[in-house]
Amino acid sequence: MATVRRYDSLDALSNAAADELAAIARDAVAARGVCTVALSGGSTPKRLFQLLVGRGRDALPWDKVSLWWGDERCVPPEHADSNYRMAREALVDPLGLDTQRVHRMPAEEPDHELAAVTYQRALLAALGTPPVFDYMMLGMGPDGHTASLFPGSPGLDERERWVIANPVDSPLTKGKTTRITLTASVINAARHTRFLVAGADKADSLAAVLAGPRDTMRYPSQLIAGTDTVWLVDDAAASKLGGTT
């Protein structure tokens with residue numbers, strides 16, 4: 005059974021996530037001298053980023069934290085839809101983090117496959133093979149996708165590569181597009197994986213992912229089952245979970 009932690013609001017969820025990230029970062033730095041973090045996009049982590057900024061530069065050993073991304077839209081880094089831009093504006097710039105430790109996906113490259121290969125090479129050079137993150141931050145969409153592993157997309161079957169250009173076709177992406185994303189293999193290799201899920205629009209898919217039959221092509225979040233995978237959810241998202249928690 006999945007480990008689920010339920011909170012009464014997005015703020016409560018985000019504060020708990022901030023506490024835990026700080027503890028994981030300190031432990032990782034003590035053990036290995038660095039903490040590697042894969043960030044997610046979307047609206048839910050933005051509140052976490054704001055809280056981390058509010059806690060100040062000394063709340064985490066930021067000088068030894070390396071930031072990566074779980075996925076990215078194929079847009080320039082200044083584009084309004086860029087996951088990198090959101091994190092830069094909400095977290096990186098306000099805290100004045102060292103840009104040498106911020107590793108964005110080069111998703112604006114016209115050759116999407118090359119962009120994925122380039123990011124994979126950087127990952128392997130920094131984290132080894134397989135690349136093991138200390139903290140994998142994930143969200144989940146109303147359709148059950150996570151990172152850019154969308155229902156029915158070819159990336160769900162990928163077992164060899166760590167980073168791919170995944171063709172997707174979804175109402176959430178407003179039709180056909182391509183996303184650069186980590187694969188389930190590297191996500192599941194992380195030491196700590198945390199899903200942050202908030203909002204009533206996630207209630208049906210959250211119940212299906214956690215309590216329904218296994219159908220990973222329909223609910224890709226079911227692919228994620230790393231050593232320490234925990235779901236932090238608010239009451240609105242958890243409203244149809246019943247006794248799962």
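Heads up: the sequence shown runs through residues 5 to 249, numbered per the working numbering. Ideal Cβ positions, reconstructed from N, Cα and C, are used throughout, including at glycine.
Am I right that residue 59 and residue 22 are in contact with their C-beta atoms under 8 Å? What's the rounded C-beta distance? 7 Å
Out of 51, 143 and 217, which has the shortest C-alpha to C-alpha gap to residue 73? 143
Please report the straight-line C-alpha distance between residue 240 and residue 147, rounded to a whole angstrom. 16 Å
Taking only three categories from DSSP, how would you classify residue 159? helix
Ordered along the chain, which non-local residues of its own chain (more than five positions away) have a Cβ less than 6 Å from that of residue 86? 79
Taking residue 114 as the reference, which of 183, 104 and 100 has the closest Cα? 183
Within the chosen definition, does the stretch 88-96 reach the stretch 46-53 through at least 3 CB pairs nearer than 8 Å? yes
Environment of residue 45 [buried if 16+ CB atoms lie within 10 Å]: buried
Do you know offhand how far residue 16's Cα is from residue 238's? 8 Å
Assuming the contact rule is C-beta atoms closer than 8 Å, residue 136 and residue 195 should be a hit. Round their C-beta distance to whole Å, please. 6 Å
Taking the Cβ atom as the reference point for each residue, do residue 245 and residue 202 lie within a distance shorter than 9 Å? no
Backbone secondary structure at residue 49 - three-state DSSP: helix
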